[in-house]
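One structure is given here, and the rest of the page talks about it.
Residue numbers (this note's numbering): 260 to 576.
Right under this line is the structure:
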């Protein structure tokens, strides 16, 4: 019998006694509006050039709801995403219109992706700068800290499980609020035993906490990602980080981080760049903020910069 099995394995070209190879994916989610379509395209384009030494190329899977139109879907697919349509999960006790709106808890749907052994989840405002495949060897739930005892769920390694998903949905229907009213608070309540990643793995563009880098708002050279907090690069003129135009947004401002995002944009095919056009309402908002910065004579002086962004010549209405 053993000889028969060996012969069968040989004929099939595989060793049946070996465990199946693990399957991995990078996953993100878009819902409620198309404001982050450009960000998701740039995220995919920052992942695809990575070279993998120990794992076959992971899938890129994007969860989308019906707010993402067919034209945007075409662009997202062209950027490298596989698309999975989802029904959003509503938080029963959420307040409509808040920043942490009733649909933000839909992030728990990633635990239903049981076709994968492990997933690296990333928000669509993240950019990958270096290979992070080592994370696929880490256990659930691995994430970098936002504060000493709290992790940021915009970048995390998870292991999908239908049982875990159902457990979280049950908790979701019982808990009226988390410490911040959103998915970050809820997931920190669920995963109190999370595994801490180096902060370089999820570099949060927030300079209040990084005292030695605060003066020039520089980005360390050894970071693996940049997580763009505040106003996003594609929502600004490419000339500089428009977080400088709003005084209480200065903690999010970095021209170097802004430039890194636009380098990825410049490397994209023209057809993908078209999904990152400047909308008329964005242009009006930036102009208004620049005028306020000029009137307040903000000391950083970015409001003095002459704007050359070519997207202004073809605003999207």
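Using N, Cα and C, we set each Cβ at its ideal position, and we do this for glycine too.
Contact belief for residue 498 with residue 564 at Cβ below 8 Å, rounded distance in angstroms: By one-based count along the chain shown, residue 498 stands at place 239. By one-based count along the chain shown, residue 564 stands at place 305. Right, the Cβ-Cβ distance comes to about 6 Å (below 8 Å), so this counts as a contact.
Express the C-alpha separation of residue 513 and residue 558 in angstroms, rounding to a whole number. Numbered from 1 along the chain shown, position 299 holds the residue referred to as residue 558. Numbered from 1 along the chain shown, position 254 holds the residue referred to as residue 513. Between residue 558 and residue 513, the C-alpha separation is close to 15 Å.
The beta strand (DSSP E) spanning residue 424 covers which residue range? As a working mapping, residue 424 is identified with position 165 in the chain shown. Bounds of any beta strand (DSSP E) do not take in residue 424; it lies within the alpha helix (DSSP H) bounded by 421 to 431.
Exposed or buried, which one is residue 333 when buried takes at least 16 other CB atoms within 10 Å? Walking along the chain shown from the start, residue 333 turns up at place 74. Residue 333 comes out exposed.
Using only CA atoms, which one of 509, 294, 293 and 306 lies nearest to residue 526? The sequence position of residue 526 within the chain shown is 267, counting from 1. Cα-wise, what sits closest to residue 526 is 306.
Check residue 563 in the structure and name its three-state DSSP category. Residue 563 sits at position 304 when you count from the first residue of the chain shown. Three-state DSSP puts residue 563 in a helix.
Go ahead and label residue 382 buried or exposed: buried means 16 or more other beta carbons lie within 10 angstroms of its beta carbon, across all protein chains shown. What you label residue 382 is simply residue 123 of the chain shown in a count that begins at 1. When all chains shown are included, residue 382 counts as buried.
Secondary structure, alpha helix (DSSP H): runs of 4+ residues fully inside the segment 448 to 527: 514 to 526
Helix, strand or coil: which one does DSSP assign to residue 540? On the chain shown, residue 540 is found 281 positions in, with the first residue counted as 1. In this structure, residue 540 counts as helix in the three-state DSSP scheme.
In the DSSP assignment, what are the bridge partners of residue 345? For this step, residue 345 is matched to residue 86 along the chain shown. DSSP, once it has assigned bridges, lists no residue as partnering residue 345.
Residue 263 versus residue 315: straight-line alpha-carbon distance, rounded: In the chain shown, residue 263 corresponds to position 4, counting from 1. In the chain shown, residue 315 corresponds to position 56, counting from 1. Residue placement at residue 263 cannot be trusted, given a pLDDT of 42 that sits under 50; the coordinates are not used to answer.
Please work out which residues of its chain come closer than 8 Å, Cβ to Cβ, to residue 458, disregarding the five sequence neighbours upstream and downstream, and give them in chain order. Position 199 of the chain shown, counting from 1, holds the residue named residue 458. Answer for residue 458: 403 and 404, listed in chain order.
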